[in-house]
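Quick notes on the structure that follows.
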Amino acid sequence: MAEFEKFNFKNKEELLQKIEELNLKQSVFWSDDLKILQTALVNDRLTIPNRMAVHPMEGLDGREDGAPGDLTKARYLNFARGGAGLIWWEATSIVPEGKSNKNQLYLNPENKDKFARLVAEVNETAEKVNGYRPLNFLQLNHSGRYSAPVNKKMPLFLFNDPYSDEKAGISEDNQPVKDDYLEKLKDKYITAARLAEEAGFDGVDIKACHRYLLSELLAAYTREGKFGGSYANRTELLRSIVTELKSLLPDFLIAIRLNVYDAIPYPYGWGVDRENQEIPDLTEPDLTEPVKLVQALAEENVEIFSITAADPRIHPHIVRPFNNPIKGGAQPPEHPLEGAARMFTLTAEIKKEIPDKIVLGAGYSWLNQFFPNVAAGNLENKRADLVGVGRMAFAYPDFARDILSGEQLRKEQGCIACSKCSELMIAGGPTGCVVRKQKPYRELYQKKVKGKVE
Ligand SMILES: Cc1cc2nc3c(=O)[nH]c(=O)nc-3n(C[C@H](O)[C@H](O)[C@H](O)COP(=O)(O)O)c2cc1C
Numbered sequence: 004m005a006e007f008e009k010f011n012f013k014n015k016e017e018l019l020q021k022i023e024e025l026n027l028k029q030s031v032f033w034s035d036d037l038k039i040l041q042t043a044l045v046n047d048r049l050t051i052p053n054r055m056a057v058h059p060m061e062g063l064d065g066r067e068d069g070a071p072g073d074l075t076k077a078r079y080l081n082f083a084r085g086g087a088g089l090i091w092w093e094a095t096s097i098v099p100e101g102k103s104n105k106n107q108l109y110l111n112p113e114n115k116d117k118f119a120r121l122v123a124e125v126n127e128t129a130e131k132v133n134g135y136r137p138l139n140f141l142q143l144n145h146s147g148r149y150s151a152p153v154n155k156k157m158p159l160f161l162f163n164d165p166y167s168d169e170k171a172g173i174s175e176d177n178q179p180v181k182d183d184y185l186e187k188l189k190d191k192y193i194t195a196a197r198l199a200e201e202a203g204f205d206g207v208d209i210k211a212c213h214r215y216l217l218s219e220l221l222a223a224y225t226r227e228g229k230f231g232g233s234y235a236n237r238t239e240l241l242r243s244i245v246t247e248l249k250s251l252l253p254d255f256l257i258a259i260r261l262n263v264y265d266a267i268p269y270p271y272g273w274g275v276d277r278e279n280q281e282i283p284d285l286t287e288p289d290l291t292e293p294v295k296l297v298q299a300l301a302e303e304n305v306e307i308f309s310i311t312a313a314d315p316r317i318h319p320h321i322v323r324p325f326n327n328p329i330k331g332g333a334q335p336p337e338h339p340l341e342g343a344a345r346m347f348t349l350t351a352e353i354k355k356e357i358p359d360k361i362v363l364g365a366g367y368s369w370l371n372q373f374f375p376n377v378a379a380g381n382l383e384n385k386r387a388d389l390v391g392v393g394r395m396a397f398a399y400p401d402f403a404r405d406i407l408s409g410e411q412l413r414k415e416q417g418c419i420a421c422s423k424c425s426e427l428m429i430a431g432g433p434t435g436c437v438v439r440k441q442k443p444y445r446e447l448y449q450k451k452v453k454g455k456v457e
């Protein structure tokens, strides 16, 4: 691992030199030609107007009934105007007790029409501004051990995990959820997917990442009973949700945002090398099980795989390389470019195994104005089919429109990976870009994170 450094490249040459110096030429590619980002992705089930996506970014700005609020609406209309071909709507709870925050979105029969109105408005706005509409996927989630439906930790966890129990507020008094609770969740996912289809979404993501419930379940090696232990048991719930969706909603698209590497050691982490644990608390990837799972899900009509990794609370530098840690957070033990390179490599490894499926990559925002060139390099080398940005979309929602019109991204508008959006999230939200979209996020940051009103 190379020493940590902040993003400080003045030009392309400096970045290319750093790629060479860190020996990352096999994992960070570059292209001067951005045309590939502008091309549509078409297959017999869908059309994505270009290769750029907005990743799911929880705003924690919903109404208390779970419907989108005013800030939610403003964010999605900004994304719509921004021109990305795919908008992957943020983590939306499938049950009230699985919300991560009282203002997290939660789709239910009573508020479905409010979601429907916003989806329609997003599509109309995009059509009007750009002449096309994006594909809209809704991320369905149960927060599991990170549930906090009334802004108080109420963990619904699957097994004890020394790496995150404390962060999740799990003490000796808490018991893991029972198998019958998990059995009932399948129907909750199906109901939420039906509602999402009725609300006008093109598809749903059965979220299995970042150590929320379905992601934790994949690593339930130490859990007893029908959902723990073997690969078959640990993957059963996710596979059965997908199989049922395929038969009940055959025209509705299914995607999975999947952790392929949890980073914490076995027997607590999934997608990790069981032997190589040289660095305390951080192990190397082993994609044997994740590959087996994506191949099985690909057979079940999952159309898009969005590849991600880690528990952002434990290893934030793996999932979102940054320049500044959150307040009180540690400086990463590696160069952020190595973090980005890891994400690109994990994505490429999965793409290689499911060449006919659409694979979406992450980890680009740290590259700021150079992200389109690296994204194009990855796509040209068939290391992904789509690229998405999270924090960059908060900072610079027009990124795709500028790339489509052949303009260089403006560094002064881009993400500076300062972690302030994450700090706002930890403070309970609402969250957005504190630096570029100052209103209302700067004031919220001063009030909630700095603890002072301006
Ligand atoms: C404030 C914030 C909210 C996020 N919300 C979600 C979410 O709802 N679902 C999800 O899968 N990932 C979520 N993520 C992770 C992002 O989608 C993305 O994977 C990560 O930020 C890395 O991409 P980037 O480098 O382009 O920001 C969130 C990240 C941040 C910083």
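In terms of the numbering used here, the sequence shown is residues 4 to 457.
A virtual CB, placed ideally from N, CA and C, is assigned to each residue, including glycine.
Here the structure is a predicted model, which means the values were calculated and not measured.
The three-state secondary structure of residue 23, taken from DSSP, is helix. In this structure, the C-beta of residue 324 approaches ligand 1 to less than 8 Å from one of its heavy atoms. C-alpha of residue 433 to C-alpha of residue 410: approximately 31 Å in a straight line.
Between residue 357 and residue 297, the C-beta gap is smaller than 9 Å, which places the two residues in contact. Our two residues, residue 71 and residue 446, have alpha carbons roughly 21 Å apart in a direct line.
Assignment of beta-bridge partners to residue 269 by DSSP yields no partner. Residue burial is scored here from C-beta neighbours: residue 47 has fewer than 16 other C-beta atoms within 10 angstroms and is therefore classed as exposed. Assignment of alpha helix (DSSP H) within the segment 338-420, counting only whole runs of 4 or more residues, yields 339-356, 374-383, 394-398, 402-407 in chain order. Per DSSP, the beta-bridge partners of residue 309 are 260, 363. Membership of residue 163 in any alpha helix (DSSP H) is not indicated, and neither H nor E is assigned to it by DSSP. The beta carbon of residue 145 sits no closer than 8 Å to any heavy atom of ligand 1. Under the three-state reduction of DSSP, residue 83 is assigned to helix. Relative to ligand 1, even the nearest heavy atom lies 8 Å or more away from the CB of residue 448. If you compare the alpha carbons of 361, 274, 176, 425 with that of residue 214, the shortest gap goes to 274. The beta carbon of residue 124 is closer than 7 Å to those of 80 in its chain, skipping five residues each way along the sequence.
Using a Cβ distance threshold of 9 Å, residue 349 and residue 310 count as a contacting pair.
Contact annotation: residue 110 and residue 90 have beta-carbon atoms that are not nearer than 9 Å.
If you check the C-beta of residue 93 against ligand 1, you find a heavy atom less than 8 Å away. The DSSP-derived three-state label of residue 95 is strand. For residue 143, there is no enclosing alpha helix (DSSP H); the enclosing beta strand (DSSP E) has its first and last residue at 138-144. If you draw a straight line from the Cα of residue 317 to the Cα of residue 34, it comes to about 33 Å. When rounded, the separation of the alpha-carbon atoms in residue 258 and residue 405 is 27 Å. Secondary structure note for residue 56: its beta strand (DSSP E) is the uninterrupted segment 55-57.
Residue environment for residue 372: buried (at least 16 other C-beta atoms within 10 angstroms of its C-beta). For residue 416, the CB stays at least 8 Å from every heavy atom of ligand 1. Distance from residue 74 to residue 62 at the Cβ level is roughly 6 Å; contact confirmed, criterion being Cβ atoms closer than 8 Å. By the neighbour-count definition (other C-beta atoms within 10 Å, threshold 16), residue 4 is an exposed residue. With a 10 Å radius around the Cβ and a threshold of 16 neighbouring Cβ atoms, residue 396 comes out buried.
Looking at the backbone, the Cα of residue 416 and that of residue 398 are separated by about 7 Å. Per DSSP, residue 209 lies in no alpha helix (DSSP H) segment; the continuous beta strand (DSSP E) that holds it begins and ends at 206-209. A direct Cα-to-Cα measurement between residue 228 and residue 182 gives close to 7 Å. Residue pairing by DSSP places residue 275 opposite 288 in a beta bridge. Less than 9 Å separates the beta-carbon of residue 142 from that of residue 208. For residue 158, the closest C-alpha among the options 147, 167, 165 is that of 147. Per DSSP, reduced to three states, the secondary structure at residue 109 is strand.
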